[in-house]
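S.K.:
There are 2 protein chains.
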Amino acid sequence: MAAVDPKESALRQALAEKQAAVDAQAAAVRELKSAKSADQAAIDAAVEALKAVKLEKASIEEQLQAMIKSNGNDTAASREAFRQSVINTLERRLFYIPSFKIYRGVAGLYDYGPPGCAVKANVLAFWRQHFVLEENMLEVDCPCVTPEIVLKASGHVEKFTDLMVKDEKTGTCYRADHLLKDFCKDKLEKDLSLSAEKAAELKHILAVLDDLSAEELGAKIKEYGITAPDTKNPLSDPYPFNLMFQTSIGPSGLSPGYMRPETAQGIFVNFKDLYYYNGNKLPFAAAQIGQAFRNEISPRQGLLRVREFTLAEIEHFVDPQDKSHPKFTDVAQLEFLMFPRELQVSGQSAQKMILGEAVGKGIVNNETLGYFIGRVYLFLTSLGIDKDRLRFRQHLANEMAHYAADCWDAEIECSYGWIECVGIADRSAYDLRAHTEKSGVALVAHEKFAEPKEVEKVVITPVKKELGLAFKGSQKMVVEALEAMDEKEAMEMKANLESKGEAEFYVCTLGKNVTITNKMVTITKEKKKEHQRVFTPSVIEPSFGIGRIIYCLYEHSFYTRPSKAGDEQLNVFCFPPLVAPIKCTVFPLVQNQQYEEVAKRIAKALTAAGISYKIDITAQLVSTLLWRYPSVEDMGGREGGTSIGKRYARTDELGVPFAITVDSTTSVTVRERDSKQQIRVNIDEVASVVKEVTDGQSTWADMLWKYPTHSSASADD
Amino acid sequence: MAAVDPKESALRQALAEKQAAVDAQAAAVRELKSAKSADQAAIDAAVEALKAVKLEKASIEEQLQAMIKSNGNDTAASREAFRQSVINTLERRLFYIPSFKIYRGVAGLYDYGPPGCAVKANVLAFWRQHFVLEENMLEVDCPCVTPEIVLKASGHVEKFTDLMVKDEKTGTCYRADHLLKDFCKDKLEKDLSLSAEKAAELKHILAVLDDLSAEELGAKIKEYGITAPDTKNPLSDPYPFNLMFQTSIGPSGLSPGYMRPETAQGIFVNFKDLYYYNGNKLPFAAAQIGQAFRNEISPRQGLLRVREFTLAEIEHFVDPQDKSHPKFTDVAQLEFLMFPRELQVSGQSAQKMILGEAVGKGIVNNETLGYFIGRVYLFLTSLGIDKDRLRFRQHLANEMAHYAADCWDAEIECSYGWIECVGIADRSAYDLRAHTEKSGVALVAHEKFAEPKEVEKVVITPVKKELGLAFKGSQKMVVEALEAMDEKEAMEMKANLESKGEAEFYVCTLGKNVTITNKMVTITKEKKKEHQRVFTPSVIEPSFGIGRIIYCLYEHSFYTRPSKAGDEQLNVFCFPPLVAPIKCTVFPLVQNQQYEEVAKRIAKALTAAGISYKIDITAQLVSTLLWRYPSVEDMGGREGGTSIGKRYARTDELGVPFAITVDSTTSVTVRERDSKQQIRVNIDEVASVVKEVTDGQSTWADMLWKYPTHSSASADD
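Protein sequence lines correspond, in order, to chains A and B.
Under full-length UniProt numbering, the first residue of the first sequence is numbered 1, with each subsequent residue one higher.
Under full-length UniProt numbering, the first residue of the second sequence is numbered 1, with each subsequent residue one higher.
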């Protein structure tokens, strides 16, 4: 990933050489000029030569600049411009609003306005349909306020941190890795005199940024002389800042709590009840949709990195000895972009792979993990995520927690780059073990054997009398420590006792070694009949950042097209009906009582069909309609006269897929947003036609074939 | 409300008199016994008389006890028993789970388990349908984390408190009003020797408990010698404890924030954008569903008083000069229990009223408020709330905030008493004004006049030169204060200046009075033309405690009936299909491949019809089915042999309204939960039949009429 382009390296080398040539020639010119003996012709020739070599250097500089741009920054400006159009439209139409705007807002907090709220509700409803209902998952709903003990067990109290530095004079806080990243990027983009070696070093830092320790980050910040961006003051050493919002539960001030950083813990702590609810059988999955919180040091990237967000998480509990999935064949034929760690390490790109093959070859660790990767792919593409800008990237070994068996992120490409939107991890037994240990409640599963199985087990029998004589008051601790030995330890001790007659033994509750003799304990292997296997289930966790998915969906759905007059660019969100905040609009072509009555009849039929719509009856227009579109010239009752093209443009900008225009008392025109094609449908049929295409039972193409197409005054171009 | 029952009062009086008679007679007996002259007969007679009067006293005691019980406590025991059955069923079937149970939980925090989560999702979906979509409301979704300035403006930082007392030795915290309430109730119930006056006093305290100041509460606690319930230690004076969970936003520790105590503030701060989105027109409503937080001092009443809960709130913005509602006629004919403040004050009960009349007579302040009361009634009764245990109680004058125009609570009666579940308040312009003042952003509406209107306005012109001479450096403050006078103040000053030549004037920025002479300011009335009216809208706020509504719904839906054998009581939740966590079940009557295939075909048809169901194919039974019902005897694959009656009983307990039993390859049996009636329906029709009855297009009675009824092996009794 950090591989330095050899061409770029060669150019930097050439540039350095040419710079040396310029310096040498300039020195020569200066020498000639200062030498009294030199004639003008020689001076002129040397100056010409300097000019020439400067031109050559400029040419190399230009090539290098172009290369840096094309290495990831070529489209930076156009990406930025695209993002601005999307964001402007989103903010203007209140898809989102910076929270508490009248108080100058709070970084990293955003509201969903009316259309954004509807999109979010649609995405969550589909998530529930696609995962919870389809897979018979057990959905739960736990509080955000979480007592400290739960998050100590999960490791969040200790490890959910980012490294922070402070401006030593003003106290302003920065993320240490952000400062170093900005420094490296800036150098690489703007400092052309950078040597190839230095460039490679900076690129390497960017590649390993996430893995740097506080000490390493601090050393680099010192080495490069990085200062506070706003004041240029010196910075403190990096230190960890816990990203959880802390609070206190109850009035005593003695019960610390946190706003949950993820919803998963609420499921883990309920494992026992859920397992019981499921008839004490594995596998089963539990799911939860809810708010999570992350007190970012300095939020960036707009809607992508926020301090409060909606997560939708699944914890699929499975026997670690059998991670097959009965429905894997349903997704095995899917083919999409995958980015296994081997491709990443060798500097290659993501490749299209068939999921079944990826699992078959062991690229994906197991069928259940593979099944969820496939289901996530189907989920995202159904929402309207572009499959060519969606990839599943495997975590590198150093990215994964030590306990994880495998982990893949669904990454979606948007103007900010490739963004992790869903994490799909096989977390093995880590979480259940952690809570078992902390709570003392065994979060385990049982497999009853059809017939009892014979197993060989180590039996440790301390001889209490001897131990009492030897250790007196400490006897109990020694006995407990002996009994707690695992099989390996016990067999080692047995070997020592047999060969040497005694063994050194560390008793942690005493904090020291003691000597155990062969009179003090007997260790044997015995055959026992077991009726069941008791084990901690593994958990496979697909975790969805709903806000990130929605933002990427906005970018993937957005396009512009010229207005009819060609004088402006009109914005369109091409949301599929599933996601669209409103499924259709109804309006009479002209102000006319008959048409209005028809519009109301259609509206009633749409309600009965369960289709969300907006009706625009001019008389009530301004208070009830869809295109609450607040550009100043439209105010003051002038909307009755708004051209049909403008009306369509406004609904296109909200992503409304279908528009019904009442232009007769028997049939109406139905217009599709993206093709702008129109069909004529009988008034009594129109609600069911819209229902069919929005429910996905038919396509627009089916309708074009079934109904007469139409072009008339109600067309927008 | 605090009226003491005159009969009870008379009984207490009689009891006190009888006690005096007992004491007197006992004294007489003692005297006789100690007197040497008394003969045995006289003593015996006196003892008999004592016995008689004691018996009379006991009889009065019994009557009083019975009366106390019937005054609200008669059914206490049966209520408690009923609640226990409901709660046991809810916990056993995981409708809810105490949060973080394996860590011994946190008071006031509960999880929704799988069926509870489904009920909640259904209630919220219906809320969205009934309010947001039906009324074209603007739904928003704002963060829970809220900066302090917002909650300072709203008054929560200062006033969102409960009075707390601390055990002076252990530091344990209690709600002061709870302790006083418990003391009074306990005395009234158990201390029969209480005088009628004392009883009246304690009842009065219970009635005015919410209005007592910290000082008054503290005085009563001292007067009655109330100590810490657990330790009997003395208590501190009551002091306010803020109920918001506090946190800190960002890493600096300098930006205090709180977890929002309500969702409403997120709407108010967005008023300007939402008004603009609505085409700058009133009225319109915004809505929000989300989590809210309340750090209760000592949560009681189980699911009713919790520290984190889901609110659904509507803020309907309206011109204060016109609170009519165009759709009021839709609800005007509704008749239900209302409890206006006059009835409360005069000690009467709630009465059935026709909503239109209540608004017409001015009992309800305005049409819009009345409209929402009617819509809330329809919402709650559609969910299954019993209309006879639902009343709308008007706030008493002392309960309402000073700014509120009127306020009604939808109260639902459950085993805990009458519980406030929805508040419907006309909050006038309070909230928007508060945020306008704090933020400096005018949250106002405009009404453009068709023609400019002539209005008379006061014009205040300070004479700066004179003011400068008189007040030097303070001139600016005086000028500003003069200009800020309202019409009334200005006209008073004008009168004083004209009569006395000078006026005393308080300048708040200087903190003192100054003397203004008639040279320093001119005050005139001038006619001006105005093109628009600028005003702060009033807001009418229906606010729904979703968890409370759901809990009351559980109680109203729960009943028991004997099993077929009559040996046990079976639990049923008679949820309407709208609310039911699962709409129907499908299972083959016997293990049989043909039947299983039919069951799968029906399941597919149900999916296509959008009906949530659970299918129970015996082979896969334990891992996929509905009655994940973990009673021990059912485990271990024996479920295949479970009787049909037991299967029904399990689904009844989850409130599943319909069960499809496959008992032939052409038609099936459909059983309705509450009547246990069955009909035979063709396999190809069954999905649409279930859809019709669950969507409410047909009733079960319609189906009974349309399809043959059935009684067979698949009947449960």
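Here a beta-carbon is modelled for each residue, glycine too, at the ideal position from N, C-alpha and C.
Can you check DSSP and say which residues form a bridge with B:Tyr506?
M.R.: As a working mapping, residue 506 of chain B is identified with position 506 in the second sequence. B:Asn513.
S.K.: Along chain B, which residues have their Cβ under 9 angstroms away from the Cβ of A:Gly696?
M.R.: Numbered from its first residue, the first sequence carries residue 696 of chain A at position 696. Result: empty, since nearest Cβ-Cβ is about 11 angstroms, beyond 9 angstroms.
S.K.: Is the stretch 552 to 562 of chain A touching the stretch 330 to 340 of chain A in the sense that three or more CB pairs, one from each, lie closer than 8 angstroms?
M.R.: Because the criterion of three Cβ pairs below 8 angstroms is not met, the stretch 330 to 340 of chain A and the stretch 552 to 562 of chain A do not touch.
S.K.: Can you confirm whether the stretch 110 to 120 of chain A touches the stretch 76 to 94 of chain A when touching is taken to mean that 3 or more C-beta pairs between the two stretches lie within less than 8 angstroms?
M.R.: These segments touch.
S.K.: Apply the 10 Å Cβ neighbour rule to A:Asn278 and answer buried if 16 or more other Cβ atoms are within range, or exposed otherwise.
M.R.: Position 278 of the first sequence, counting from 1, holds the residue named residue 278 of chain A. When all chains shown are included, A:Asn278 counts as buried.
S.K.: Thinking C-beta only, is A:Phe183 closer than 8 angstroms to A:Tyr224?
M.R.: As a first step, residue 224 of chain A is located in the first sequence; it is residue number 224 there, counting from the start. As a first step, residue 183 of chain A is located in the first sequence; it is residue number 183 there, counting from the start. In this structure, A:Phe183 lies closer than 8 angstroms to A:Tyr224 by Cβ.
S.K.: How many Å lie between A:His556 and A:Asp386 at the Cα?
M.R.: For the purposes of this step, residue 556 of chain A is taken as residue 556 along the first sequence, with counting starting at 1. For the purposes of this step, residue 386 of chain A is taken as residue 386 along the first sequence, with counting starting at 1. Cα to Cα, A:His556 sits roughly 6 angstroms from A:Asp386.
S.K.: Nearest CA to the CA of B:Asp319: which residue from B:Lys476, B:Lys222 and B:Lys281?
M.R.: Residue 319 of chain B sits at position 319 when you count from the first residue of the second sequence. It is B:Lys281 whose Cα lies nearest to the Cα of B:Asp319.
S.K.: Could you tell me how far apart the beta carbons of B:Glu17 and B:Leu192 are, in whole angstroms, since I believe they sit closer than 8 angstroms?
M.R.: Position 17 of the second sequence, counted from the start, is the residue given in the question as residue 17 of chain B. Position 192 of the second sequence, counted from the start, is the residue given in the question as residue 192 of chain B. Actually they do not touch by this definition, with Cβ atoms about 13 angstroms apart.
S.K.: Around the C-beta of residue 739 of chain B, are 16 or more other C-beta atoms found within 10 angstroms, so that it is buried, or is it exposed?
M.R.: Look at the range of chain B in this structure, 1 to 717, and you will see that residue 739 of chain B is not part of it.
S.K.: Please return the same chain residues whose Cβ sits closer than 7 angstroms to the Cβ of A:Asn295, not counting the five positions on each side in sequence.
M.R.: Taking the first sequence and counting its residues from 1, one reaches residue 295 of chain A at position 295. Result list for A:Asn295: Leu243, Met244, Phe245 and Arg307, in chain order.
S.K.: For B:Met477, which of helix, strand or coil comes out of DSSP?
M.R.: As a working mapping, residue 477 of chain B is identified with position 477 in the second sequence. Looking at B:Met477 - three-state DSSP - the assignment turns out to be helix.
S.K.: What separation, rounded to the nearest whole angstrom, lies between the Cα atoms of A:Trp127 and A:Gly655?
M.R.: On the first sequence, position 127 is the one that residue 127 of chain A refers to. On the first sequence, position 655 is the one that residue 655 of chain A refers to. Distance between the alpha carbons of A:Trp127 and A:Gly655: 20 angstroms.
S.K.: Can you name the residues of chain A whose CB is closer than 9 angstroms to the CB of B:Asn122?
M.R.: Translated into the one-based positions of the second sequence, residue 122 of chain B becomes position 122. Here the premise fails: no neighbours, minimum Cβ distance about 12 angstroms.
S.K.: Below 8 angstroms between beta carbons: does that hold for B:Ile424 and B:Ile373?
M.R.: In the second sequence, counting from the first residue as 1, residue 424 of chain B sits at position 424. In the second sequence, counting from the first residue as 1, residue 373 of chain B sits at position 373. Cβ distance < 8 angstroms, so B:Ile424 and B:Ile373 count as in contact.
S.K.: What residue from A:Arg601, A:Asn571 and A:Leu589 has the CA that sits closest to A:Arg673's CA?
M.R.: For this step, residue 673 of chain A is matched to residue 673 along the first sequence. Among A:Arg601, A:Asn571 and A:Leu589, the Cα nearest to that of A:Arg673 is on A:Asn571.
S.K.: Could you spell out the range, first to last residue, of the beta strand (DSSP E) harbouring B:Ile602?
M.R.: Walking along the second sequence from the start, residue 602 of chain B turns up at place 602. Note, B:Ile602: premise wrong, no beta strand (DSSP E); alpha helix (DSSP H) at Gln593 to Ala609.
S.K.: Out of B:Ile226, B:Leu109 and B:Ile149, state which residue places its alpha-carbon closest to the alpha-carbon of B:Glu168.
M.R.: Taking the second sequence and counting its residues from 1, one reaches residue 168 of chain B at position 168. The option with the nearest alpha carbon to B:Glu168 is B:Ile226.
S.K.: Should A:Asp162 be labelled buried (16 or more other beta-carbon atoms within 10 Å of its own) or exposed?
M.R.: Position 162 of the first sequence holds residue 162 of chain A. By the neighbour-count rule (16 or more Cβ atoms within 10 Å), A:Asp162 is buried.
S.K.: Comparing the C-beta of B:Gly302 with each C-beta of chain A, is any distance below 8 angstroms?
M.R.: Residue 302 of chain B sits at position 302 when you count from the first residue of the second sequence. Output row for B:Gly302: interface = no.
S.K.: Is B:Met520 close to chain A, meaning its C-beta is less than 8 angstroms from at least one C-beta of that chain?
M.R.: Residue 520 of chain B sits at position 520 when you count from the first residue of the second sequence. So no, B:Met520 is outside the interface.
S.K.: Are the beta-carbon atoms of B:Pro251 and A:Met164 separated by less than 8 angstroms?
M.R.: Counted from its first residue, the second sequence places residue 251 of chain B at position 251. Counted from its first residue, the first sequence places residue 164 of chain A at position 164. Yes. Within cutoff.
S.K.: Name the two residues that bound the continuous beta strand (DSSP E) containing B:Ser248.
M.R.: Position 248 of the second sequence, counted from the first residue, corresponds to residue 248 of chain B. Counting along the chain, the beta strand (DSSP E) containing B:Ser248 begins and ends at Gln246 to Ser248.
S.K.: Using the beta-carbon count (16 or more within 10 Å), is B:Asn366 buried or exposed?
M.R.: Mapped onto the second sequence, residue 366 of chain B falls at position 366. Looking at its Cβ environment, which holds 16 or more other Cβ atoms inside 10 Å, B:Asn366 is buried.
S.K.: According to the neighbour-count rule (16 or more other Cβ atoms, all chains shown, within 10 Å of its Cβ), is A:Arg647 buried or exposed?
M.R.: On the first sequence, position 647 is the one that residue 647 of chain A refers to. Counting Cβ neighbours within 10 Å, A:Arg647 comes out buried, since at least 16 surround it.
S.K.: Measure from the C-beta of B:Glu308 to each C-beta in chain A and report whether the shortest distance is under 8 angstroms.
M.R.: Within the second sequence, the letter at position 308 stands for residue 308 of chain B. Taking Cβ atoms only, chain A reaches closer than 8 angstroms to B:Glu308, which makes this a yes.
S.K.: Please list the partners that A:Phe245 has in chain B, where partner means a Cβ-to-Cβ separation under 7 angstroms.
M.R.: Mapped onto the first sequence, residue 245 of chain A falls at position 245. The contacting residues are Val145 and Thr247.
S.K.: To be precise: take each residue of the stretch 109 to 143 of chain B, compare its Cβ to all Cβ atoms of chain A, and keep it if any distance is under 8 angstroms. Which residues remain?
M.R.: Result list: Leu109, Tyr110, Asp111, Tyr112, Gly113, Pro114, Gly116, Cys117, Ala118, Lys120, Ala121, Arg128, Leu133, Asn136, Leu138, Glu139, Val140, Asp141, Cys142 and Pro143.
S.K.: Using Cβ-Cβ distances below 8 angstroms, what residues of the stretch 574 to 589 of chain A are close to chain C?
M.R.: You won't find chain C in this structure, because its protein chains are A and B.
S.K.: For A:Ala97, write down the residues that DSSP places opposite it in a beta bridge.
M.R.: Working through the first sequence from its first residue, we reach residue 97 of chain A at position 97. It should be noted that the sequence gives Ile, not Ala, for residue 97 of chain A. Answer is A:Asp111, bridged to A:Ile97.
S.K.: Considering B:Ile354, what are the terminal residues of the beta strand (DSSP E) in which it resides?
M.R.: For the purposes of this step, residue 354 of chain B is identified with residue 354 of the second sequence, where counting begins at 1. Element bounds for B:Ile354: Gln351 to Ile354.
S.K.: Is A:Asn233 close to chain B, meaning its C-beta is less than 8 angstroms from at least one C-beta of that chain?
M.R.: Taking the first sequence and counting its residues from 1, one reaches residue 233 of chain A at position 233. Output row for A:Asn233: interface = no.
S.K.: Would you check if the distance between the CB atom of residue 724 of chain A and the CB atom of A:Ile683 is smaller than 8 angstroms?
M.R.: The first residue shown for chain A is 1 and the last is 717, placing residue 724 of chain A beyond what the model contains.
S.K.: Which one of B:Ile540, B:Lys676, B:Leu303 and B:Leu206 has the shortest CA to CA distance from B:Ala176?
M.R.: The residue you call residue 176 of chain B lines up with position 176 of the second sequence. The option with the nearest alpha carbon to B:Ala176 is B:Leu206.
S.K.: Shortest alpha-carbon distance to A:Ala404 belongs to which of A:Ala429, A:Leu378, A:Phe293 and A:Val422?
M.R.: Translated into the one-based positions of the first sequence, residue 404 of chain A becomes position 404. Minimum Cα distance to A:Ala404 is reached at A:Ala429.
S.K.: Whole angstroms are fine: how far does the CA of B:Phe284 sit from the CA of B:Met137?
M.R.: Along the second sequence, read from residue 1 onward, the residue named residue 137 of chain B stands at position 137. Along the second sequence, read from residue 1 onward, the residue named residue 284 of chain B stands at position 284. Rounded to the nearest angstrom, the two C-alpha atoms are 7 angstroms apart.
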